[in-house]
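Below is one structure, written out as structure tokens; comments come after it.
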Amino acid sequence: MQVTIVGGGIIGLSTAYYLNLAGVQVSVIDRGDFSDGCSYGNAGMIVPSHFIPLAAPGVIRQGLKWLLDETSPFHIKPRLDLDLVRWLYLFARNANQKNVDQSMTLLRDMNLLSKYLYQDLKKQPGFDIGMEEKGILMLFKSEHVREEEARTALLANQLGLETRVLTAADLAQVEPSVKLDVLGGVHYPGDAHLIPSSLMKILKKHLQWAGVQFIPNTAITSFRTGKNQIKGVLTEQGKEIEVDRLVLAGGSWSSNLARSLKIALPLQGGKGYSMTLTGHTPKPGIPSILVEARVAITPMGNDLRIAGTLEIAGLNSPVNPKRVRGILQAVPTYYPEIKASGQNTPVWSGYRPCSPDGLPYIGRHQRYDNLYLNTGHAMMGLSLGPVSGLLMKELICEEHPSLPLGLLDPNRFS
Ligand SMILES: Cc1cc2nc3c(=O)[nH]c(=O)nc-3n(C[C@H](O)[C@H](O)[C@H](O)COP(=O)(O)OP(=O)(O)OC[C@H]3O[C@@H](n4cnc5c(N)ncnc54)[C@H](O)[C@@H]3O)c2cc1C
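Quick note on the working numbering: the sequence shown kicks off at -14 and runs consecutively.
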């Protein structure tokens, strides 16, 4: 068996990793050179605590409130685009308690298994991926957010996750490295973090050594098909690469790839930004999410990464300086010693592949016998990389899946 993977982000490389381990011949095609993209500049958090999908009650109301604020952490750019209209309709239909109830156990289990797989990966020689298991802190400044976070913590306990609801005084003990100006926080000690660019570099090097073929600087523009089969992928340079089994792991561009196969895959790119402060910045020891501001703070070796914003504005939108300012200005309101703005830090941006129900698409597509999808991981692609790679390997090798795949079916909106 030979598997061709389109897309060399964390999902494509994780899929290659588990298929290669199973002895399958694998090639990974990417239009870039495997050195940048959404899987490199993200906040690096591994998050069993994130068991509530993006499509949840209250999200639309909150989103509408933010729409008119140019520095807010969420924005949808209105545009006449039928794919966006369909995505918004499906999102609105799924942003309810039923979706949360049916997704949260699966998301918890996927994240827990993925963390376990990262722990395993980290033990291998050369896998110096900067993984630390100190958990994450959800930090808040307001009473109503404290109540919401305490409710989520209770739900997390019911799902078997450890949590500690902390006052400002408790936090000073748990996080002594920096001063905090917050009302309190919730510590999820079971979460972890790593340095995504190190992970990607090491994974690529390992896969090359293990015999996976890497095909860089090759954009796939269309496909040759016949008899419910994909026969080949056609490159921008006009060449055809024959395929036996094909996995689409093109991140936010997966819907464009699917469209050329006449498949309407609801997916929007949720643009986010990150800035990495280097040098003598005071650094927290534990990563955190500044809940009201929706900003993520992650210590990465000697650096500190600050990430945030979710803009649904198409895939070629320019950097929005107002939103970048919104992220940077939020930091010292929680960590008074960290002066993030005015430091002339380069701005990185990436597109999270967002499905309308907040669950990834992992499975075989009904239209072609040899087409598999592994995409739509939104804000959790780094966290869910290994488990998504493992599940895809199990599907392709016709093994019993480690977790139930029904809710992840890529045909669910067909
Ligand atoms: C600011 C920010 C912070 C984040 N923080 C976290 C976090 O802390 N934890 C977490 O779990 N997740 C986080 N995420 C989300 C995570 O980064 C993504 O979910 C993940 O990187 C998606 O991986 P992917 O492999 O699906 O897509 P990508 O990394 O985008 O990879 C897709 C690849 O497909 C290639 N491609 C696309 N079209 C074609 C084509 N036609 N031909 C050939 N190649 C093609 C692209 O070049 C790209 O390399 C964050 C995201 C952002 C933006």
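In this text, a Cβ means the ideal position worked out from N, Cα and C, and glycines have one as well.
Give a yes or no on whether the C-beta atoms belonging to residue i and residue j are separated by under 7 Å.
i        : j      : result
Val309   : Ile291 : no
Cys339   : Gln253 : yes
Leu250   : Ser240 : yes
Phe125   : Leu168 : yes
Gly217   : Glu227 : yes
Asn96    : Pro33  : yes
Val163   : Glu277 : no
Glu160   : Ile271 : yes
Asp155   : Ile121 : no
Ser207   : Tyr258 : no
Pro58    : Gly293 : yes
Trp72    : Pro341 : yes
Tyr25    : Met185 : yes
Pro181   : Gly29  : yes
Gly(-3)  : Phe19  : no
Ile200   : Ser12  : yes
Gly319   : Lys256 : Residue identity differs from the one stated: residue 319 is Tyr in this sequence, not Gly. No, these two residues do not count as a Cβ contact at 7 Å.
Thr261   : His178 : no
Leu246   : Thr266 : no
Val(-12) : Leu4   : yes
Just grab the DSSP bridge partners of residue i for me.
i      : result
Gln253 : Cys339
Phe59  : Leu295
Tyr357 : Val232, Arg349
Thr152 : Gly169
Met285 : Asp288
Ser99  : BP columns for Ser99 are empty, so no partner.
Ser273 : Leu122, Ile282
Ser12  : Thr(-11), Gln198
His178 : Met30, Glu117
Ser334 : Tyr258
His362 : Cys339
Glu379 : According to DSSP, Glu379 bridges with nothing at all.
Ile312 : Looking at the DSSP assignment, Ile312 forms no beta bridge with any residue, so it has no partner.
Ile226 : Val218
My output table needs one value for residue i: the three-state DSSP class, helix, strand or coil.
i       : result
Met451  : Because the chain in this structure spans residues -14 to 399, residue 451 falls outside the shown range and cannot be described.
Pro317  : helix
Ser(-1) : helix
Val130  : helix
Asp394  : coil
Ile323  : coil
His35   : coil
Phe208  : strand
Thr137  : helix
Gly217  : strand
Pro161  : coil
Tyr74   : helix
Met30   : strand
Ile248  : coil
Glu147  : coil
His385  : coil
Ala40   : coil
Glu66   : The sequence given here places Asp at residue 66; Glu does not occur at that position. Coil, per DSSP.
Lys108  : coil
Less than 7 Å between C-beta atoms, sequence neighbours within five positions excluded: which residues of the same chain meet that for residue i?
i       : result
Thr403  : The requested residue 403 does not occur in the structure, where the chain is confined to residues -14 to 399.
Ser(-1) : Gly370, Pro371, Ser373, Gly374
Leu393  : Leu344, Pro345, Tyr346, Ile347, Gly348
Gln314  : Ser326
Leu376  : Ile347, Pro386, Ser387, Leu388, Leu390
Ala80   : Ala40, Ala41, Pro42, Val44, Ile45
Leaving out five residues on either side along the sequence, give the residues of the same chain with a beta carbon under 8 Å from the beta carbon of residue i.
i      : result
Ser183 : Asp113, Ile114, Gly115
His35  : Leu92, Asn96, Met364, Met365, Ser368
Asn355 : Gln214, Ile215, Val228, Asp229, Arg230, Leu231
To which residues of the same chain is residue i closer than 6 Å at the C-beta, ignoring the five residues directly before and after it?
i       : result
Gly192  : The question names Gly, but residue 192 is Leu in the sequence shown. Result list for Leu192: Ala1, in chain order.
Val171  : Met123, Glu134, Ala138, Thr148, Val150
Val(-9) : Ile14, Ile205, Leu233, Gly235
Gly48   : Phe59
Leu102  : Pro371
Ala281  : Ala28, Ile274, Ala292
Trp51   : Ser57, Phe59
Asn359  : Ile(-4), Thr0, Val232, Ala234, Ile347, Ser373, Met377
Compute every distance between the C-beta of residue i and the non-hydrogen atoms of ligand 3, then say whether any falls below 6 Å.
i      : result
Pro345 : This structure does not include ligand 3; its bound ligands are ligand 1.
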